[in-house]
Amino acid sequence: MRNIIETAWQSSGALYHTIQSMSAACLSEDFPHLLPLARREHAQAVGLIREQSLLSMNKPAMLLASQLLGHTSSWLNPQNLATDLFRDSNNILRDIVNESGQDSSVSFFSDTMDYWAMLLAYLTDAQKLGDYGQNRSIGPLSAAGSCEPHPYSGISRDTVRLLADIGVLIFQYRKRMSTVKFLAEHDVDVFRAALREARRLERTLLAQHPPDLSRMKDPGDPKTPLKHLELINEAYRCTGLLQLYRVFPDLLNERYAPWDKDQLLRPLPSEAIPTIQERQTWLTKLAMHVLGILREIPFESRTRSAQPFIMVACSSELRRDPHHLRASNNMRGLDVQDSLVVDPASIEVARARKFVLSRLAAYTHILPLRKSRVISELIDQVWAALDGGDNDVYWLDVAYAKNLGTMMG
Numbered sequence: 006m007r008n009i010i011e012t013a014w015q016s017s018g019a020l021y022h023t024i025q026s027m028s029a030a031c032l033s034e035d036f037p038h039l040l041p042l043a044r045r046e047h048a049q050a051v052g053l054i055r056e057q058s059l060l061s062m063n064k065p066a067m068l069l070a071s072q073l074l075g076h077t078s079s080w081l082n083p084q085n086l087a088t089d090l091f092r093d094s095n096n097i098l099r100d101i102v103n104e105s106g107q108d109s110s111v112s113f114f115s116d117t118m119d120y121w122a123m124l125l126a127y128l129t130d131a132q133k134l135g136d137y138g139q140n141r142s143i144g145p146l147s148a149a150g151s152c153e154p155h156p157y158s159g160i161s162r163d164t165v166r167l168l169a170d171i172g173v174l175i176f177q178y179r180k181r182m183s184t185v186k187f188l189a190e191h192d193v194d195v196f197r198a199a200l201r202e203a204r205r206l207e208r209t210l211l212a213q214h215p216p217d218l219s220r221m222k223d224p225g226d227p228k229t230p231l232k233h234l235e236l237i238n239e240a241y242r243c244t245g246l247l248q249l250y251r252v253f254p255d256l257l258n259e260r261y262a263p264w265d266k267d268q269l270l271r272p273l274p275s276e277a278i279p280t281i282q283e284r285q286t287w288l289t290k291l292a293m294h295v296l297g298i299l300r301e302i303p304f305e306s307r308t309r310s311a312q313p314f315i316m317v318a319c320s321s322e323l324r325r326d327p328h329h330l331r332a333s334n335n336m337r338g339l340d341v342q343d344s345l346v347v348d349p350a351s352i353e354v355a356r357a358r359k360f361v362l363s364r365l366a367a368y369t370h371i372l373p374l375r376k377s378r379v380i381s382e383l384i385d386q387v388w389a390a391l392d393g394g395d396n397d398v399y400w401l402d403v404a405y406a407k408n409l410g411t412m413m414g
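Under this note's numbering, the first residue of the sequence shown carries the number 6, and numbering increases by one thereafter.
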């Protein structure tokens, strides 16, 4: 990416105006008069891409500009997911492959599209992603991953693709089932097909082998050793399982045993179907396990831009004990000593929530963009619903209903 920018930013108008837009957008939080400039530069870059993408002699520069614009459109308008730029980028990438075949730059751009798709898939209809899924022959899945970490997906190429597939499945399924008032046979067929696909994705995640760090090229950043990238991959993998088990509880029922992190990726058949409370507790433990992985990574690590998505995806499982909540809402019926008793599980959840809020606050100070506040608002809405007694709240539904979807990376 750096090589393309260094060699092409002066000769590519689209890339030049993209960089200008990004710079002005970053500064606009402290210097609001730069926001109109950022928007003008953004619009000019988009116009050049659409006018010249078919004729340009430097399509890699055009594609990089399109991808950067797509990722940073939320800097100007947090709710702008820029799915039109996603489709444009996918089309340019297809043209590059058709004209020049596969090379290292194609792999880089393909991995960028996969990461972008992962962020979009949980927030928008699959139709808005164009023919992305049909182009997955670009850069096939590999057993050990790419030998050089990617600026966005790190060493998690395969896991990111699986998370994108999970997002597409869940968004489509939740959207479809939310419209069902009276169950018809076709709705049952939709459920069964979705459950089959969810089971396939679960098995693929469980069968994954961690990337072999000995084959990976060290990025040379002392703040981001390969160990951090390995931890992010583990967090991604567990986050994918968390989403599947939340939306498709039958999958968790099939493998249920009291929480044991050492058995998470090596489940045995369930001996008994869990109660709703047992299932909720298990999911909360899994979410806190994921956040525990993030705790092992110092905030100074460059992986911090990958963490908001993971934290949001865990947020709707950070539920406090319902008995404690009822007691808090009925303080008049308790003496002071009883009211001060808080169960250990609720204390753990409170600590996990505090960690999420503190890390997001630090993220906002480093990258003070409007979208950071939208991410925080989404988490606040999720927790307010949980604390209000909504046991079925799911972050994706809240983002969709409250228009709080934004690029979380």
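Heads up, the beta-carbon is just placed ideally off N, CA and C, and yes, glycines get one too.
Between the stretch 218-234 and the stretch 279-291, the count of C-beta pairs closer than 8 Å stays below three; the two stretches do not touch.
Proximity of the stretch 121-128 to the stretch 167-177 meets the contact definition, three or more beta-carbon pairs being nearer than 8 Å. The beta carbon of Asp-326 is closer than 7 Å to those of Asp-348, Ala-350, Ser-351 in its chain, skipping five residues each way along the sequence. Non-local C-beta neighbours of Thr-369 in its own chain, meaning closer than 8 Å and more than five positions away in sequence, comprise Ser-377, Arg-378, Ser-381, ordered along the chain. In the structure shown, the three-state DSSP call for Gly-410 is coil. For the pair Ala-131 and Asp-170, the Cα-to-Cα distance works out to about 10 Å. Check the Cα spacing between Ala-212 and each of Phe-253, Ala-355, Pro-272: the tightest is with Pro-272.
In chain order, Ile-237, Asn-238, Tyr-241 place their CB closer than 7 Å to the CB of Ser-161, counting only its own chain and leaving out the 5 sequence neighbours on each side. Cβ atoms of Trp-388 and Ser-320 come within 8 Å of each other, at about 7 Å.
A Cβ-Cβ distance of about 30 Å is found for the pair Gly-393 and Ala-311, leaving them out of contact under the 8 Å criterion.
Here Gly-245 carries a helix assignment [DSSP, helix/strand/coil]. The alpha-carbon of Leu-86 is positioned some 33 Å away from that of Leu-218. Val-295 sits close to Cys-243, with the two beta carbons spaced by under 7 Å.
Residue range 88-105 is occupied by the alpha helix (DSSP H) that includes Asn-96. DSSP lists no bridge partner for His-214.
Taking C-alpha positions only, Arg-166 is separated from Arg-204 by approximately 16 Å.
With at least 16 other beta carbons inside 10 angstroms of its own, His-155 counts as buried. With distances taken between CA atoms, Asp-136 lies nearest to Thr-88 out of Thr-88, Leu-20, Lys-290, Phe-196. DSSP places Gly-159 within a strand segment (E or B) once states are collapsed to three.
Runs of the alpha helix (DSSP H) spanning 4 or more residues and lying entirely within the stretch 231-277 occur at 231-252, 254-260, in chain order.
Using a Cβ distance threshold of 7 Å, Val-354 and Met-316 do not count as a contacting pair.
Separation of the CB atoms of Glu-56 and His-22 is rounded to 12 Å, and the pair is thereby denied contact status at 8 Å. By the criterion of a C-beta distance shorter than 6 Å, Glu-276 is surrounded by no residue of its chain, once the five residues flanking it on both sides are discounted.
DSSP places Arg-356 inside the alpha helix (DSSP H), whose first and last residues are 349-371. Residue environment analysis places Ile-302 among the buried positions, since at least 16 neighbouring C-beta atoms fall within 10 angstroms of its C-beta. If you draw a straight line from the Cα of Ser-363 to the Cα of Thr-229, it comes to about 20 Å. Secondary structure note for Met-221: it is in no alpha helix (DSSP H), with a DSSP letter that is neither H nor E. Scanning its chain for C-beta atoms nearer than 7 Å, with the 5 sequence neighbours on each side dropped, one finds around Lys-290 the residues Trp-264, in chain order. Residue range 18-32 is occupied by the alpha helix (DSSP H) that includes Tyr-21.
In this structure, the beta-carbon distance from Leu-288 to Glu-322 falls below 7 Å.
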